[in-house]
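S.K.: Under my numbering, the first residue of the sequence shown is numbered 10, with each subsequent residue one higher. By construction, the Cβ of each residue, glycine as well, lies at the ideal position given by its N, Cα and C atoms. Because the structure is a prediction, the values reported are computed rather than measured.
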Amino acid sequence: MNTESQPFNARFALRNLADTAALGAQLAAGLQVGDLIALAGDLGAGKTTLARGILTALGLSGPMPSPTFTLVQTYEAPRLIVYHYDLYRLEDPREIAELGLDEALEDGAVLVEWPERAGGLLPEDALTVSLTMPDAQNRLAELTGPARWASHFRGFHLAL
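#1: How far does the alpha helix (DSSP H) with residue 63 in it reach, from first residue to last?
#2: Quick one: what does DSSP say residue 117 is sitting in, helix, strand or coil?
#3: Span of the alpha helix (DSSP H) holding residue 33?
#4: Do three or more CB pairs link the stretch 146-154 to the stretch 65-84 at distances below 8 Å?
#5: Buried or exposed: residue 76, going by 16 or more other Cβ atoms within 10 Å of its Cβ?
#6: Grouping DSSP H, G and I as helix and E and B as strand, with all else coil, what is residue 80?
#7: Does chain C have any CB closer than 7 Å to the CB of residue 71?
#8: Would you mind stating whether residue 66 and residue 33 have Cβ atoms separated by less than 7 Å?
#9: If the criterion is Cβ atoms closer than 7 Å, does the pair residue 37 and residue 161 meet it?
#10: Using only alpha-carbon positions, find the residue among 26, 28, 35, 127 that is nearest to residue 47.
#11: Just tell me which of 96, 72, 116, 138 has its CA closest to the CA of residue 130.
#12: Which one or two residues does DSSP pair with residue 151 in a beta bridge?
#13: Residues in its own chain within less than 6 Å of residue 94 by CB, not counting five upstream and five downstream?
#14: From which residue to which residue does the alpha helix (DSSP H) around residue 159 run?
#15: As a quick exercise: from 41, 16, 98, pick the residue whose alpha carbon is nearest that of residue 113.
#16: Helix, strand or coil for residue 13, going by three-state DSSP, please let me know.
#17: Helix, strand or coil for residue 100? Go by DSSP, reduced to three states.
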């Protein structure tokens with residue numbers, strides 16, 4: 010059976026900020042131009058923290074504000090431009106066209122918080138990271154997406 014045709018699915022327990030940073034680093038290692046990572050989860054689930062982990066692993070430092078009010082922040086990492094979108098305040102999914110998402114995917118990689126507000130307008134080959142909080146101290150990250158991500162997570166040791 011060819012596993013490359015199978016979608017990627019994985020679950021990771023995030024017990025602390027170091028685990029979240031490690032997951033961010035693993036995601037950053039596989040991130041390339043044209044990729045979109047959809048960061049889903051309730052308020053406080055850790056979406057922005059994980060986005061910052063990805064950006065830090067890509068070599069960025071300094072302030073990395075949440076794009077809640079600006080809707081998008083652009084970061085020029087050493088090997089990749091990253092566009093960080095927060096769709097929480099989006100009133101209509103059609104507004105995505107005005108935010109330049111298609112152009113961002115042509116130029117770099119995209120992180121999207123609150124992807125459910127896009128109304129199905131995000132690329133089908135996005136990697137989705139769903140963050141939940143089983144209790145006040147822990148997070149659970151469930152990843153689903155294209156099969157190519159499986160190779161980036163072989164041997165990654167936060168798995169449940």
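M.R.: Taking the geometry as given:
#1: Here residue 63 refers to the residue found at position 54 of the sequence shown. That run of the alpha helix (DSSP H) goes 56-66.
#2: If you number the sequence shown from 1, residue 117 lands on position 108. It is coil, neither helix nor strand.
#3: Residue numbering aside, residue 33 sits at position 24 when the sequence shown is read from its first letter. Its alpha helix (DSSP H) spans residues 26-39.
#4: In short, these stretches do not touch, since the Cβ pair count stays below three.
#5: For the purposes of this step, residue 76 is taken as the residue at position 67 of the sequence shown. By the 10 Å Cβ count, residue 76 comes out buried.
#6: Here residue 80 refers to the residue found at position 71 when the sequence shown is read from its first residue. Correct three-state label for residue 80: coil.
#7: In the structure shown, chain C cannot be found, because there is only a single protein chain.
#8: Position 57 of the sequence shown holds residue 66. Position 24 of the sequence shown holds residue 33. In this structure, residue 33 lies closer than 7 Å to residue 66 by Cβ.
#9: Here residue 37 refers to the residue found at position 28 of the sequence shown. Here residue 161 refers to the residue found at position 152 of the sequence shown. Going by C-beta atoms, residue 37 is not nearer than 7 Å to residue 161.
#10: Locating residue 47 in the sequence shown gives position 38, counting from the first residue. If we check each option's Cα against that of residue 47, 127 comes out closest.
#11: By one-based count along the sequence shown, residue 130 stands at place 121. The shortest Cα separation from residue 130 among 96, 72, 116, 138 belongs to 96.
#12: Taking the first residue of the sequence shown as position 1, residue 151 is located at position 142. DSSP output for residue 151 lists 20, 139 as bridge partner(s).
#13: Indexing the sequence shown from 1 puts residue 94 at position 85. Excluding residues within five positions, the ones whose Cβ falls inside 6 Å are 81, 121.
#14: Counting from one through the sequence shown, the residue named residue 159 turns up at place 150. First-last of the alpha helix (DSSP H) with residue 159: 159-162.
#15: On the sequence shown, position 104 is the one that residue 113 refers to. Selected option, being the one with the closest Cα: 41.
#16: For the purposes of this step, residue 13 is identified with residue 4 of the sequence shown, where counting begins at 1. With a pLDDT of only 49 at residue 13, under the threshold of 50, the placement of this residue in the model should not be trusted, and no figure is reported.
#17: Within the sequence shown, the letter at position 91 stands for residue 100. Correct three-state label for residue 100: coil.
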